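Before any comments, here is the structure.
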Amino acid sequence: MYEIAQRVLVLRTDPPRDVTVTVGVPYEEPTGDWSCPYRIDGLDGWEHERKVTGLDSLEAIELALAMVRAALAGSHEAREGLLHWDEAPSEQRPRTVYVSLDKIRDTAYIAIKHEVAPDEVANQVAAEGVVLDFGDSGQLLGLELTSAATRLPPEMRI
62 MYEIAQRVLV LRTDPPRDVT VTVGVPYEEP TGDWSCPYRI DGLDGWEHER
112 KVTGLDSLEA IELALAMVRA ALAGSHEARE GLLHWDEAPS EQRPRTVYVS
162 LDKIRDTAYI AIKHEVAPDE VANQVAAEGV VLDFGDSGQL LGLELTSAAT
212 RLPPEMRI
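Structural data, given as structure tokens:
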């Protein structure tokens, strides 16, 4: 699942552990409806990907968020007062990528941050069908992918 949102909650057990909620990129079903995957890791019985389906991508996201809220609030852990969403998140920092698709050139740019300015790219490394852009301190800024129509997963082609 390619994620669009993630939140880490705290489960006050001994030792404390994280409950990670992830919402994926909505995608169109063959029927024309839209589905949105979601996952809750750390709650008993929710450790696999699920999906909800709506009339369009926005409704699918709204339904996924409603399902997540209901699952969290109705969980055994929440009813026992163990699940808290007012705590500081763990040291894990979720990563989001930003995808720009150029259908005419059949390329995609996947950025690690919202915007990558051309002058930020200090080094480029080319591999088969991919160009990696690195900043001056060696951090990966993004990558350009050729043949995006076949190499980019369908749920990222939005």
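In terms of this note's numbering, the sequence shown opens at residue 62 and continues consecutively. Virtual Cβ for every residue (Gly too), placed ideally from N, Cα, C. All values reported here derive from a predicted model rather than from experimental measurement.
Here DSSP, grouped into helix, strand and coil, assigns GLU141 to coil.
Take the alpha-carbon of ARG68 and the one of GLY85: they are about 12 Å apart.
Approximately 20 Å separates the beta-carbon atoms of LEU143 and ARG100; this is outside 8 Å, ruling out the contact. In the displayed model, PRO76 falls within coil according to three-state DSSP, outside both helix and strand.
With contacts defined by Cβ atoms closer than 8 Å, LEU104 and VAL113 do not form a contacting pair.
Contact between ASP167 and THR207 holds, since their C-beta atoms are separated by about 7 Å, short of 8 Å.
Its Cα nearest to that of TYR170, the residue ASP194 stands out among ASP194, CYS97 and GLU189. Nearest C-alpha to HIS145 among VAL82, ALA183, ALA210 and THR211: VAL82. Here DSSP, grouped into helix, strand and coil, assigns ILE122 to helix.
By alpha-carbon distance to LEU126, the top candidate from PRO98, ALA139, SER136 and LEU116 is PRO98.
Classified as exposed, GLY106 has fewer than 16 neighbouring CB atoms from the shown chains inside 10 Å of its CB. Rounded to the nearest angstrom, the gap between the Cα atoms of GLU141 and ALA131 is 15 Å. Nearest to PRO91 by alpha-carbon distance, out of ARG212, GLY135, ASP117 and VAL71, is ASP117. Nearest to GLN185 by alpha-carbon distance, out of LEU202, PRO215, VAL158 and ASP79, is LEU202. Per DSSP, reduced to three states, the secondary structure at ASP105 is coil, with no helix or strand assignment.
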